[in-house]
Amino acid sequence: MQWWREAVVYQVYVRSFSDADGDGVGDLDGIRSRLGYLELLGVDAIWLTPFYTSPMADHGYDVADPRDVDPVFGDLAAFDTLVEATHEHGLKLVVDLVPNHTSSEHEWFRAALDAAPGSPERARYHFRAGRRPDGAQPPNNWTSVFGGPAWTRVHAADGEPGEWYLHLFSAEQPDLNWTNPEVWADLEKTLRFWLDRGVDGFRIDVAHGMSKPDGLPDSMAATRSGLLPGGRDGDPRFDHDDVHDVHRMIRAVLDHYPGRMAVGEVSVRDDARFARYLRPDELHLGFNFRLLRAPFEAAAVRDAVEHSLASVAGVAATPTWAIAGHDVSRPVTRYGGGELGTARARAMALVTLALPGTVFVYNGEELGLPDVDLPDEALQDPVWERSGHTERGRDAFRVPMPWEGGAPGYGFTEGVPWLPMPPEYGELTVAEQLEDTASTLSLVRRAVELRRRHPGFTGTELEWFGAPVGCLAFRRAGTTLVCALNTSDQAVALPPGDVLLTSGPLDDGLLPPDTAAWLA
Ligand code: NOJ
Numbered sequence: 190m191q192w193w194r195e196a197v198v199y200q201v202y203v204r205s206f207s208d209a210d211g212d213g214v215g216d217l218d219g220i221r222s223r224l225g226y227l228e229l230l231g232v233d234a235i236w237l238t239p240f241y242t243s244p245m246a247d248h249g250y251d252v253a254d255p256r257d258v259d260p261v262f263g264d265l266a267a268f269d270t271l272v273e274a275t276h277e278h279g280l281k282l283v284v285d286l287v288p289n290h291t292s293s294e295h296e297w298f299r300a301a302l303d304a305a306p307g308s309p310e311r312a313r314y315h316f317r318a319g320r321r322p323d324g325a326q327p328p329n330n331w332t333s334v335f336g337g338p339a340w341t342r343v344h345a346a347d348g349e350p351g352e353w354y355l356h357l358f359s360a361e362q363p364d365l366n367w368t369n370p371e372v373w374a375d376l377e378k379t380l381r382f383w384l385d386r387g388v389d390g391f392r393i394d395v396a397h398g399m400s401k402p403d404g405l406p407d408s409m410a411a412t413r414s415g416l417l418p419g420g421r422d423g424d425p426r427f428d429h430d431d432v433h434d435v436h437r438m439i440r441a442v443l444d445h446y447p448g449r450m451a452v453g454e455v456s457v458r459d460d461a462r463f464a465r466y467l468r469p470d471e472l473h474l475g476f477n478f479r480l481l482r483a484p485f486e487a488a489a490v491r492d493a494v495e496h497s498l499a500s501v502a503g504v505a506a507t508p509t510w511a512i513a514g515h516d517v518s519r520p521v522t523r524y525g526g527g528e529l530g531t532a533r534a535r536a537m538a539l540v541t542l543a544l545p546g547t548v549f550v551y552n553g554e555e556l557g558l559p560d561v562d563l564p565d566e567a568l569q570d571p572v573w574e575r576s577g578h579t580e581r582g583r584d585a586f587r588v589p590m591p592w593e594g595g596a597p598g599y600g601f602t603e604g605v606p607w608l609p610m611p612p613e614y615g616e617l618t619v620a621e622q623l624e625d626t627a628s629t630l631s632l633v634r635r636a637v638e639l640r641r642r643h644p645g646f647t648g649t650e651l652e653w654f655g656a657p658v659g660c661l662a663f664r665r666a667g668t669t670l671v672c673a674l675n676t677s678d679q680a681v682a683l684p685p686g687d688v689l690l691t692s693g694p695l696d697d698g699l700l701p702p703d704t705a706a707w708l709a
C-alpha cells in the first residue's frame with residue numbers, strides 16, 4: 190500500500206519545533222534530537238515547513254535558494270543526517286516546495302531588478318507597466334492575500350519609477366511566470382535535488398496558484414485577502430486551468446522515484462475543482478481545509494467530512510484531514526478557548542483520527558496548545574505590517590513547542606525563543622503531559638496507536654448513524670468501530686458498543702457535551 194494513504198503526518202514548523210544551537214530559532218539538528226518523541230507519538234511521517242535559504246520575510250515561504258539550507262536551520266550535511274535518522278526511526282520525511290513565488294532576494298529577482306523592461310531576466314516574473322498615462326496605478330486590481338495591492342512598483346537606480354511586479358503574497362515574494370520554460374526546468378531540478386537526497390515527498394505550497402490567466406485581467410469578483418477565503422469563484426488569481434500542467438510535470442518526475450508522493454495545498458471552493466488536482470497524473474493527495482473552516486457543530490463537521498469525501502470520490506487519492514496548521518488559529522482557541530476549547534479540540538482529535546485517509550497533526554496540537562496573546566512588539570508575520578497593524582497575523586499559533594522545564598525556553602531553546610513563550614506553557618510541556626495519563630498528549634498517543642492497530646480503522650467508505658440533534662456518529666463501512674461526537678449542550682446516550690476511548694470523562698454512561706468517544 191502507498192504509505193501515505195492512512196498515514197498520520199506530523200507538521201513540523203521548523204522555526205518553532207526544537208532549537209539545538211541556542212539561537213532561539215528551531216533547526217534541523219533540533220528536529221533530529223526529537224525524533225524519538227515523534228516515534229513515541231506514533232506518527233508515520235513528518236512534513237517540514239521551508240528550511241531553505243531565505244531572508245525570512247514570510248519565515249521561509251520566501252525562498253532565495255530552493256536547493257540549499259538556510260544557515261539559521263543548519264546546512265545540507267545536517268539535512269542529510271536528518272533524512273537518515275528519520276528513516277532509522279521508521280518515519281517518512283516530506284518537505285515543503287514553494288513553486289508559486291521566490292524571495293525578492295533570489296538571484297533571479299535581483300537580476301530582474303537590474304535588467305530592463307522586456308528583458309529575459311524580467312520574463313521569469315510578472316513585470317508590467319502601470320496604468321494611467323504616468324503608470325502610477327498598478328497594472329490590475331488584484332489584491333495580495335496578505336493585504337494591500339498584489340503589485341509593487343520598482344525604481345531605477347536614479348529613483349525613476351519603472352514597472353510593477355506581481356506578488357500574490359508579500360512584496361518580498363514575487364510570483365514566478367509559469368509560462369517561462371526556465372521556471373519549469375528550475376523546479377524540476379529542485380525536485381530531483383531533494384528526491385536524490387532521500388525525501389519521501391513534497392507538500393506543495395499554493396498548489397492552486399502558479400498559472401495566471403493571459404493578460405492578467407482585472408478581477409470581477411470582490412478580491413479579498415485572507416489565507417482561507419470562503420470561495421474562489423470568479424477569482425482569476427488562483428485555480429487557473431493551466432496549473433494542472435505543472436502538477437503533471439511534478440508527477441512525471443515523482444513517478445521515477447517509487448514510493449514518493451506529493452500533497453498539494455489546494456484551496457478551491459468546489460469539490461469538483463478540488464478533484465481535478467488529484468487526477469491520476471497529478472497530485473497524490475490534496476490538503477483540504479474543510480475541517481479547518483468548520484465550527485464546532487456536528488452539522489458543520491459532518492458537512493465538511495462529506496464534502497471532503499465527495500471531493501475524492503472519483504479519484505484514487507484518499508481524503509486528508511486537518512484541524513490545525515501554521516496558518517490558522519489553534520483548535521483550542523478556535524473552538525472557544527480555555528477548558529471548553531480544550532475539551533472540543535480533544536473531541537475533534539478523535540473525530541479526525543477516526544476518519545479514513547491521511548491525517549495531518551500540527552506541532553503542538555497534540556499538546557492542546559492555545560494561541561498565545563503576543564504583545565505588538567513581538568509580532569513578526571508580514572500580515573501585521575501589510576494590513577497596517579489591523580490584522581495580527583499568524584504568530585499567535587507559531588509560538589515554539591514547550592518540551593520541558595520553565596521560562597524562557599521550556600526546553601525548546603537554551604537561548605531566548607524567537608517568540609515569547611507564555612507562563613501557561615509550564616503545565617503543557619511534553620514532559621508534564623507524558624507523565625499524565627489524562628493529558629491531551631496521552632489521548633492523542635492512544636488514539637494514534639489504536640488507529641494503527643485496531644481493525645476498525647480500515648476501509649475508505651463511511652456510514653453515518655442517526656444521532657440526536659447536535660451529535661454525529663459514523664463508522665468505516667464493514668467495521669464495528671464507531672466514533673460519536675456531541676456538540677450539543679445536553680449529555681446523550683452512547684451508540685451501542687464497548688467504549689474504547691473517550692476525549693473526556695463520561696457522565697453516568699452518557700456522552701457529555703463537547704466530547705467524543707470511540708466504541709467497538
Ligand atoms: C501558504 C503557506 O501555508 C503560508 O504560510 C504562506 O505564507 C503562503 N502559502 C505563501 O507562501
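To convert a position in the sequence shown, counted from 1, into the working numbering, add 189.
Glycine residues also receive a C-beta, built at the ideal position from the N, C-alpha and C atoms.
Here the structure is a predicted model, which means the values were calculated and not measured.
Closer than 7 Å: residue i CB and nearest the ligand NOJ heavy atom
i: Y250; result: yes
i: V452; result: no
i: V432; result: no
i: D394; result: yes
i: H295; result: no
i: D247; result: yes
i: H515; result: yes
i: V287; result: yes
Under the three-state DSSP convention, the category residue i falls into
i: Y614; result: helix
i: T704; result: strand
i: G419; result: Note that G419 scores a pLDDT of 39, beneath 50, so its modelled location is shaky; the value from the coordinates is reported in the next line. Note: G419 maps to coil in three-state DSSP.
i: K401; result: coil
i: F298; result: helix
i: T368; result: coil
i: D560; result: coil
i: T412; result: A caution first: T412 carries a pLDDT of 49, below 50, which makes its placement in the model unreliable, though a value can still be read off. Of the three classes helix, strand and coil, the one that applies to T412 here is coil, per DSSP.
i: R491; result: helix
i: Q191; result: coil
i: G526; result: coil
i: T629; result: helix
i: Y551; result: strand
i: L608; result: coil
i: A511; result: strand
i: Q622; result: helix
Exposed unless 16 or more other CB atoms sit within 10 angstroms - verdict on residue i
i: K378; result: exposed
i: A673; result: buried
i: Q679; result: exposed
i: T704; result: buried
i: G420; result: Because G420 carries a pLDDT of 44, less than 50, the predicted location of this residue cannot be relied on, and the following value inherits that uncertainty. Label assigned to G420: exposed.
i: G390; result: buried
i: D303; result: exposed
i: M190; result: exposed
i: D562; result: exposed
i: G263; result: buried
i: R642; result: exposed
i: S243; result: buried
i: T602; result: buried
i: L544; result: buried
Residue i beta carbon near the ligand PLP (any heavy atom closer than 7 Å)
i: H356; result: Looking for the ligand PLP in the displayed structure turns up nothing; the ligands present are the ligand NOJ.
Strand pairing of residue i, partner residues [DSSP]
i: E154; result: Nothing can be reported for residue 154, as the shown portion of the chain is limited to 190 through 709.
i: E454; result: F476
i: I235; result: Y199 and L282
i: N675; result: C660 and T704
i: I393; result: L286 and G453
i: Y599; result: Y599 is not bridged to any residue.
i: R682; result: In the sequence under discussion, the amino acid at residue 682 is Ala, which differs from the Arg named in the question. According to DSSP, A682 bridges with L699.
i: R317; result: W353
Host alpha helix (DSSP H) of residue i (start-end)
i: D218; result: L217 to S222
i: T341; result: No alpha helix (DSSP H) contains T341, which is instead part of the beta strand (DSSP E) from W340 to H344.
i: P571; result: P571 to R575
i: R465; result: D460 to R465
i: L355; result: Careful: L355 lies outside any alpha helix (DSSP H), inside the beta strand (DSSP E) at P350 to L355.
Bounding residues of the beta strand (DSSP E) (the contiguous stretch that carries residue i)
i: L544; result: It is not in any beta strand (DSSP E) - L544 carries neither H nor E in the DSSP assignment.
i: V258; result: D254 to V258
i: V688; result: V688 to T691
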